[in-house]
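First comes the structure, then the notes that go with it.
Protein chains: 2
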Amino acid sequence: IAKEVAKLLEMKAQLGEDEGKHKFVLKTPKGTRDYGPKQMAIRERVFNAITSCFKRHGAEVIDTPVFELKETLTGKYGEDSKLIYDLKDQGGELLSLRYDLTVPFARYLAMNKISNIKRYHIAKVYRRDNPAMTRGRYREFYQCDFDIAGQFDPMIPDAECLKIVHEILSDLQLGDFLIKVNDRRILDGMFAVCGVPDSKFRTICSSVDKLDKVPWEDVRSEMVGEKGLSPEAADGIGEYVQLHGGLELIERLLQDPKLSQNKLAKEGLGDMKLLFEYLTLFGITGKISFDLSLARGLDYYTGVIFEAVLLQQENEHVEEPLSVGSVAGGGRYDGLVGMFDPKGRKVPCVGVSIGIERIFSILEQRLEASEEKIRTTETQVLVASAQKKLLEERLKLISELWDAGIKAEMLYKKNPKLLNQLQYCEDTGIPLVAIVGEQELKDGVVRLRIVATREEVNVRRESLVEEIRIRTSQR
Amino acid sequence: IAKEVAKLLEMKAQLGEDEGKHKFVLKTPKGTRDYGPKQMAIRERVFNAITSCFKRHGAEVIDTPVFELKETLTGKYGEDSKLIYDLKDQGGELLSLRYDLTVPFARYLAMNKISNIKRYHIAKVYRRDNPAMTRGRYREFYQCDFDIAGQFDPMIPDAECLKIVHEILSDLQLGDFLIKVNDRRILDGMFAVCGVPDSKFRTICSSVDKLDKVPWEDVRSEMVGEKGLSPEAADGIGEYVQLHGGLELIERLLQDPKLSQNKLAKEGLGDMKLLFEYLTLFGITGKISFDLSLARGLDYYTGVIFEAVLLQQENEHVEEPLSVGSVAGGGRYDGLVGMFDPKGRKVPCVGVSIGIERIFSILEQRLEASEEKIRTTETQVLVASAQKKLLEERLKLISELWDAGIKAEMLYKKNPKLLNQLQYCEDTGIPLVAIVGEQELKDGVVRLRIVATREEVNVRRESLVEEIRIRTSQR
Numbered sequence: 001i002a003k004e005v006a007k008l009l010e011m012k013a014q015l016g017e018d019e020g021k022h023k024f025v026l027k028t029p030k031g032t033r034d035y036g037p038k039q040m041a042i043r044e045r046v047f048n049a050i051t052s053c054f055k056r057h058g059a060e061v062i063d064t065p066v067f068e069l070k071e072t073l074t075g076k077y078g079e080d081s082k083l084i085y086d087l088k089d090q091g092g093e094l095l096s097l098r099y100d101l102t103v104p105f106a107r108y109l110a111m112n113k114i115s116n117i118k119r120y121h122i123a124k125v126y127r128r129d130n131p132a133m134t135r136g137r138y139r140e141f142y143q144c145d146f147d148i149a150g151q152f153d154p155m156i157p158d159a160e161c162l163k164i165v166h167e168i169l170s171d172l173q174l175g176d177f178l179i180k181v182n183d184r185r186i187l188d189g190m191f192a193v194c195g196v197p198d199s200k201f202r203t204i205c206s207s208v209d210k211l212d213k214v215p216w217e218d219v220r221s222e223m224v225g226e227k228g229l230s231p232e233a234a235d236g237i238g239e240y241v242q243l244h245g246g247l248e249l250i251e252r253l254l255q256d257p258k259l260s261q262n263k264l265a266k267e268g269l270g271d272m273k274l275l276f277e278y279l280t281l282f283g284i285t286g287k288i289s290f291d292l293s294l295a296r297g298l299d300y301y302t303g304v305i306f307e308a309v310l311l312q313q314e315n316e317h318v319e320e321p322l323s324v325g326s327v328a329g330g331g332r333y334d335g336l337v338g339m340f341d342p343k344g345r346k347v348p349c350v351g352v353s354i355g356i357e358r359i360f361s362i363l364e365q366r367l368e369a370s371e372e373k374i375r376t377t378e379t380q381v382l383v384a385s386a387q388k389k390l391l392e393e394r395l396k397l398i399s400e401l402w403d404a405g406i407k408a409e410m411l412y413k414k415n416p417k418l419l420n421q422l423q424y425c426e427d428t429g430i431p432l433v434a435i436v437g438e439q440e441l442k443d444g445v446v447r448l449r450i451v452a453t454r455e456e457v458n459v460r461r462e463s464l465v466e467e468i469r470i471r472t473s474q475r
Numbered sequence: 001i002a003k004e005v006a007k008l009l010e011m012k013a014q015l016g017e018d019e020g021k022h023k024f025v026l027k028t029p030k031g032t033r034d035y036g037p038k039q040m041a042i043r044e045r046v047f048n049a050i051t052s053c054f055k056r057h058g059a060e061v062i063d064t065p066v067f068e069l070k071e072t073l074t075g076k077y078g079e080d081s082k083l084i085y086d087l088k089d090q091g092g093e094l095l096s097l098r099y100d101l102t103v104p105f106a107r108y109l110a111m112n113k114i115s116n117i118k119r120y121h122i123a124k125v126y127r128r129d130n131p132a133m134t135r136g137r138y139r140e141f142y143q144c145d146f147d148i149a150g151q152f153d154p155m156i157p158d159a160e161c162l163k164i165v166h167e168i169l170s171d172l173q174l175g176d177f178l179i180k181v182n183d184r185r186i187l188d189g190m191f192a193v194c195g196v197p198d199s200k201f202r203t204i205c206s207s208v209d210k211l212d213k214v215p216w217e218d219v220r221s222e223m224v225g226e227k228g229l230s231p232e233a234a235d236g237i238g239e240y241v242q243l244h245g246g247l248e249l250i251e252r253l254l255q256d257p258k259l260s261q262n263k264l265a266k267e268g269l270g271d272m273k274l275l276f277e278y279l280t281l282f283g284i285t286g287k288i289s290f291d292l293s294l295a296r297g298l299d300y301y302t303g304v305i306f307e308a309v310l311l312q313q314e315n316e317h318v319e320e321p322l323s324v325g326s327v328a329g330g331g332r333y334d335g336l337v338g339m340f341d342p343k344g345r346k347v348p349c350v351g352v353s354i355g356i357e358r359i360f361s362i363l364e365q366r367l368e369a370s371e372e373k374i375r376t377t378e379t380q381v382l383v384a385s386a387q388k389k390l391l392e393e394r395l396k397l398i399s400e401l402w403d404a405g406i407k408a409e410m411l412y413k414k415n416p417k418l419l420n421q422l423q424y425c426e427d428t429g430i431p432l433v434a435i436v437g438e439q440e441l442k443d444g445v446v447r448l449r450i451v452a453t454r455e456e457v458n459v460r461r462e463s464l465v466e467e468i469r470i471r472t473s474q475r
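Chains as they are written, first to last, in UniProt numbering: chain A, 1 to 475; chain B, 1 to 475.
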């Protein structure tokens with residue numbers, strides 16, 4: 001029913017659009033948005049937190065084009081390939097907008113024969129998905145990726161990726177969170193011992209992936225009904241995917257009579273144990289859950305996978321904390337670079353992607369609800385005049401301030417009223433006003449007004465820059 | 001001949017591509033490039049210089065989607081519209097990649113009914129142009145735009161835009177530069193008094209625009225031969241477009257028997273005089289030239305136009321400084337927002353765009369030629385061990401450092417050799433090594449090695465963070 005309603009609404013929306021087609025529609029494309037100054041101020045705060053974490057971990061930064069050769073993206077995203085934006089064939093190469101930053105990263109490594117790098121990349125990606133803008137799902141959205149490529153001892157880079165997610169989510173103060181961890185090899189081993197035929201691994205995996213949204217019963221009937229899995233196999237999976245825990249669960253599964261017989265599962269569980277040991281040293285196991293229901297959609301993962309979810313606020317009086325959505329995800333993909341390398345040379349990789357739009361949405365809503373007034377400029381001083389005919393003096397003074405590195409503005413009026421100039425400071429949060437007047441010019445001083453206290457002091461012109469610096473130094 | 005050679009090379013290149021078509025081509029799309037860590041380090045330096053200038057002038061920042069509705073871009077770029085990238089019609093809206101940041105800005109203002117803003121926007125734009133990558137001409141490239149929108153007293157915002165170009169080009173130390181200034185109204189007035197028919201203003205203007213690349217004789221024969229202008233009119237134009245200078249030239253033209261009779265030219269010259277008075281107060285007229293040959297291609301300019309060029313280095317012993325290319329440009333466009341507003345409500349705008357790719361190219365080449373080693377990370381300390389079996393101790397220590405905000409790395413090996421760890425610091429410029437060993441652990445200290453001097457000191461574990469901060473505080 002929900003699907004039908006959505007379809008009808010979509011049709012209605014399209015009709016609405018068609019009606020207006022004779023006149024120009026003033027809008028951004030579906031699923032995209034502008035960022036105004038206030039949104040940008042929030043965005044920069046979040047980017048700064050994320051970037052400084054990535055830099056703290058010694059990452060370099062790269063950038064790649066927004067579009068790639070179409071064939072670079074072909075065969076990397078499974079079913080989701082239909083969501084890729086293609087460019088019109090205008091002669092020359094066939095191009096598509098990037099769908100994520102991981103595939104361009106792998107292409108970059110193969111093309112430049114890089115076998116060893118730790119890099120981050122913050123950029124927009126594009127998906128022709130059904131937008132849900134209030135919940136932060138867009139067709140154009142930012143990803144913030146951190147990846148470690150190279151042949152290293154097991155689980156050390158993997159543990160660092162989880163540490164990074166933990167640092168960023170703690171730093172941003174989004175409320176309580178949980179990082180679920182699993183391993184593709186454990187999933188595959190589990191499918192094997194439950195009697196899932198090899199050919200059905202992928203499709204059964206994508207059923208399991210739905211467990212965070214729909215109850216087990218529905219997933220089971222999809223497996224048995226739509227996908228033709230035997231009820232016994234489904235029930236076997238059903239028992240495993242309910243499990244989540246920490247080291248003790250890993251130990252128990254290592255002793256599990258069925259799983260312990262499977263080579264892949266054993267490998268995965270052994271590495272999971274190592275991972276948890278490292279996470280214990282990092283002191284972050286409290287927010288990490290080994291969860292056998294975590295599957296993740298993308299085809300290219302080969303080992304550890306993980307996903308961070310925000311938990312509902314405790315003050316909402318729910319009995320059990322419920323997840324309100326994924327804000328970060330990632331995993332190990334040891335085969336992707338090899339798909340691009342002419343000689344199939346492999347470069348093992350593990351990485352994490354921070355889902356920034358959802359975080360923006362939360363912070364934006366929180367800021368709207370709060371009283372906090374966010375400044376959208378960093379201007380330290382407004383150059384103002386108390387009398388008429390002082391435009392030239394204002395221009396001279398502001399030029400001096402700019403050249404000294406002071407952030408300064410003035411009104412673009414020949415003869416602005418002092419009251420309007422002061423009001424502008426109130427509106428925009430400028431803390432100081434440098435007022436020039438006939439008398440001040442004669443005396444070689446500038447009247448400096450502190451907006452918050454309305455205090456005014458005369459400052460000698462040659463000391464003005466220093467005085468402004470001191471008075472705005474806390475920012 | 002040059003054209004023919006270029007054509008042949010292009011054909012050869014295409015043949016080469018065709019030959020390889022059966023196998024996968026590992027490349028970025030034509031006219032685009034990846035930015036590796038070194039290029040990104042340069043890019044961030046330049047962006048920081050530009051952003052801090054924009055912020056110094058009190059600008060807010062916005063962002064818009066990388067694609068717009070196709071019709072948003074239609075009819076804004078004249079002949080250059082053929083260079084717009086369209087997206088494939090995959091159902092839904094028809095979309096195009098943005099061609100510049102100015103038209104999306106105007107769309108943003110009209111859509112949000114903003115009549116007053118000072119904003120900057122740094123983002124990539126797209127043109128299906130013939131790339132010349134070594135000279136910094138790409139199909140995907142950055143623009144850094146600063147614009148002032150609003151109804152203000154004449155020439156105050158216009159003067160600030162020129163001050164900004166002056167500040168940025170001085171700050172980046174690219175060598176000597178010149179900012180050419182003209183006004184569309186002066187050009188149109190000049191065409192009128194020379195007897196150019198109204199219908200030919202636009203096309204004659206685009207001929208004049210070529211004067212920075214080809215000599216007057218060629219431009220003249222294009223006007224007379226291809227565009228059917230009378231020889232007398234062409235010669236009239238020829239006399240004017242040779243003129244360049246400062247206030248004295250403006251005064252002279254205000255007395256010019258022909259120009260002074262034309263309303264548009266008189267208005268433009270009056271404003272130009274005012275502009276030069278303001279620029280004199282800013283102390284920057286030394287690098288500004290009122291130049292009647294400056295025309296600029298885009299259709300939407302309505303008043304002042306300007307373009308900054310780098311001058312050839314003096315040490316290359318040329319008699320006259322020659323321009324090696326435009327690095328910034330802009331002007332006044334009072335009609336563009338009105339094209340989007342349903343009621344045609346106008347918002348006067350003036351702005352400047354910094355052509356960053358050319359600046360990158362220059363700085364990249366300069367850096368390659370120099371001995372300077374550019375760091376691509378900010379890592380302060382490498383956490384190392386002198387003996388085997390200390391992975392866990394390294395993990396514990398690095399976690400403490402990260403949590404204290406120290407930028408720290410370690411090698412992802414269980415038992416790395418000390419020599420390899422020290423070599424890593426040499427290679428990447430990490431200034432400090434924190435070495436854990438059996439003895440140090442017993443004594444509650446960490447051995448801190450200063451890479452540059454090879455000096456080593458024992459630091460108590462609880463003082464390590466502080467010690468690292470002090471020793472790396474200059475960065």
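In this text, a Cβ means the ideal position worked out from N, Cα and C, and glycines have one as well.
Asked                                                                                                                                                                                                         : Found
Can you check which of these residues, A:I398, A:V309 and A:E226, is closest to A:G325 by C-alpha distance?                                                                                                   : A:V309
Does chain B have any CB closer than 7 angstroms to the CB of A:D80?                                                                                                                                          : no
Whole angstroms is fine: what's the gap from A:Q312's alpha carbon to A:L391's?                                                                                                                               : 56 angstroms
Quick one: residues in its chain with C-beta nearer than 7 angstroms to the C-beta of A:M155, no 5 flanking neighbours on either side, listed in chain order?                                                 : D271, L274, L275 and Y278
So, is the C-beta of B:D34 closer than 7 angstroms to a C-beta in chain A?                                                                                                                                    : yes
A:D158 lies in the beta strand (DSSP E); which residues open and close that run?                                                                                                                              : Taken as a continuous stretch (DSSP letters only), A:D158 belongs to no beta strand (DSSP E), being part of the alpha helix (DSSP H) at I156 to D171.
At a Cβ threshold of 7 angstroms, is B:I62 touching chain A?                                                                                                                                                  : yes
A:E140 to A:I42, Cα distance in whole Å?                                                                                                                                                                      : 18 angstroms
Quick check on this structure: which residue in A:Y138, A:R45 and A:E307 has the alpha carbon closest to the alpha carbon of A:D183?                                                                          : A:E307
Using 8 angstroms for Cβ pairs, my map puts A:I122 next to A:C144. What's the rounded Cβ distance?                                                                                                            : 5 angstroms
Looking only at its own chain, which residues have a Cβ that is under 7 angstroms from the Cβ of A:G238, when we skip the five neighbours before and after it?                                                : W216 and R220
Going by the CB atoms, is the gap between A:L69 and B:P29 shorter than 7 angstroms?                                                                                                                           : yes
Does B:F152 get closer than 7 angstroms to chain A when you measure Cβ to Cβ?                                                                                                                                 : yes
Taking beta-carbon pairs under 7 angstroms, can you tell me which members of the region 457-468 of chain A lie near chain B?                                                                                  : none
Can you round the beta-carbon distance between A:G351 and A:I148 to whole angstroms, since I take them to be within the 8 angstroms contact cut?                                                              : 7 angstroms
Going by alpha carbons, who is nearest to B:E456 out of B:R469, B:L432, B:G31 and B:V465?                                                                                                                     : B:L432
Are there 16 or more other CB atoms within 10 angstroms of the CB of B:P157, so buried, or fewer, so exposed?                                                                                                 : buried
Decide yes or no for the touch test of the region 370-377 of chain B against the region 47-55 of chain B: beta carbon pairs closer than 8 angstroms, at least 3 of them.                                      : no
So A:F67 contacts chain B; which residues on that side make the cut at Cβ distance below 7 angstroms?                                                                                                         : P29
Under the assumption that A:L269 contacts A:I288 (Cβ atoms under 8 angstroms), give the Cβ distance between them as a whole number of angstroms.                                                              : Not quite, the Cβ-Cβ distance comes to about 16 angstroms (not below 8 angstroms), so this is no contact.
Skipping 5 residues on each side, what residues in its chain have a beta carbon closer than 8 angstroms to that of residue 479 of chain B?                                                                    : Chain B is shown only over 1 to 475; residue 479 of chain B falls outside these bounds and no answer can be derived.
Are the beta-carbon atoms belonging to B:P37 and A:E60 less than 7 angstroms from one another?                                                                                                                : yes
Please tell me whether A:F282 has its Cβ less than 7 angstroms away from any Cβ of chain B.                                                                                                                   : yes
Please list the terminal residues of the continuous beta strand (DSSP E) segment that includes B:F146.                                                                                                        : E140 to A149
On the DSSP bridge assignment, give the partners of B:I117 in chain order.                                                                                                                                    : B:A149
Considering just the uninterrupted stretch of the beta strand (DSSP E) at B:G351, what are its terminal residues?                                                                                             : C349 to G355
Using 7 angstroms as the threshold, is the C-beta distance between B:I406 and B:I470 below it?                                                                                                                : no
Tell me whether the region 397-413 of chain B and the region 349-367 of chain B touch, counting them as touching only if at least three CB pairs, one residue from each stretch, are closer than 8 angstroms. : no
Assuming A:I84 and A:Y108 are in contact, meaning their beta carbons sit under 8 angstroms apart, how far apart are those beta carbons, in whole angstroms?                                                   : In fact, because the Cβ distance is near 19 angstroms, the residues do not count as touching under 8 angstroms.
What whole-angstrom Cβ distance do B:D235 and A:M40 have, given they're in contact under 8 angstroms?                                                                                                         : That belief does not hold up - the Cβ atoms of B:D235 and A:M40 are roughly 52 angstroms apart, past 8 angstroms.
Against chain B, with Cβ distances strictly below 7 angstroms, would A:Q399 count as a contact?                                                                                                               : Correcting the residue type first, residue 399 of chain A is Ser in the shown sequence and not Gln. So yes, A:S399 belongs to the interface.
Determine the extent of the alpha helix (DSSP H) in which A:R471 is found, giving its start and end residues.                                                                                                 : L464 to R471
Could you check whether A:L281 and B:K27 sit closer than 7 angstroms to each other, using their CB atoms as the reference points?                                                                             : no
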